[in-house]
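Everything below concerns the one structure shown next.
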Amino acid sequence: MSYYFNKTTDYAFEEAIEKVTEQLKEEGFGVLYRINMDETLKNKIGAELPRYTTLGACNPKFAYQALQAEDRIGLMLPCNVIIRALPDGKTEVSAIHALQSMLAVDNDKVKEVAAQITAKLEKVIERL
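For the sequence shown, the working numbering assigns the number 18 to the initial residue and increments by one for each residue that follows.
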């Protein structure tokens, strides 16, 4: 099983970010941060990269549950979603498979929360 799931869309880049943000909100997530990787890498090291943005998504209810179960789980939060511009003008949206990413954590309660998060993020991607 992969550490992410994704979907290619016909949305323009900024439109894809808006749609993802709307769908995340529908599932109880907010966006804590937005990192424009292409701009950051160009400014820092002069690297050229197609448009690439990371959204740090958080569902406060699930974050709280995970922190109650494992006090250092914040090292693995929030749930990242990326939007990448493809050469054909389409965009690819990928979300972390939360359950797969938490396999290193030996805590069944965390895995239960991660399974619920995974189901919600899958819905976000499916609805795009």
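We put the beta carbon where it would ideally sit given N, CA and C, even for glycine.
Report the residue from the options whose alpha carbon sits nearest the alpha carbon of residue i.
i, options, result
"Val122", "Gly63, Val48, Gly91 and Ile142", "Gly91"
"Val37", "Gln117, Met54, Val110 and Leu116", "Val110"
"Tyr50", "Glu31, Ala74 and Thr57", "Ala74"
"Glu87", "Asp27, Glu39 and Ala131", "Ala131"
"Leu145", "Ile34, Tyr21, Met18 and Ser19", "Ile34"
"Tyr21", "Ser118, Asp125 and Glu129", "Ser118"
"Arg68", "Thr108, Ala112, Ile134 and Leu116", "Thr108"
"Glu32", "Lys78, Ala102 and Ser19", "Ala102"
"Ala80", "Asp105, Met18, Gly106 and Gln133", "Gln133"
"Met93", "Ile113, Glu39, Ser19 and Val141", "Ile113"
"Gln85", "Pro104, Leu116 and Glu129", "Glu129"
For residue i, which of helix, strand or coil comes out of DSSP?
i, result
"Leu72", "strand"
"Val48", "strand"
"Ser111", "strand"
Counting only beta-carbon separations shorter than 7 Å, does residue i have a partner in chain B?
i, result
"Asp123", "Checking the listed chains, one finds no chain B in this structure; it contains a single protein chain."
For my contact list, residue i and residue j are in at a C-beta cut-off of 8 Å; report their separation, rounded to the angstrom.
i, j, result
"Ala83", "Val127", "6 Å"
"Asn97", "Thr70", "So it is not a contact: roughly 11 Å between Cβ atoms."
"Ile100", "Phe30", "7 Å"
"Lys137", "Asn76", "7 Å"
Could you tell me the boundaries of the beta strand (DSSP E) in which residue i lies?
i, result
"Val127", "Val127 -> not in any beta strand (DSSP E); alpha helix (DSSP H) instead, spanning Asp125 to Glu143."
"Tyr21", "Tyr21 to Thr26"
"Ala102", "Cys96 to Ala102"
Got a sec, what are the start and stop residues for the alpha helix (DSSP H) residue i sits in?
i, result
"Ala121", "It is not in any alpha helix (DSSP H) - Ala121 carries neither H nor E in the DSSP assignment."
*Counting pairs of Cβ atoms below 8 Å between the segment 21 to 34 and the segment 52 to 60, do you hit three or more?*
The segment 21 to 34, when compared against the segment 52 to 60, does not touch it at the 8 Å Cβ threshold.
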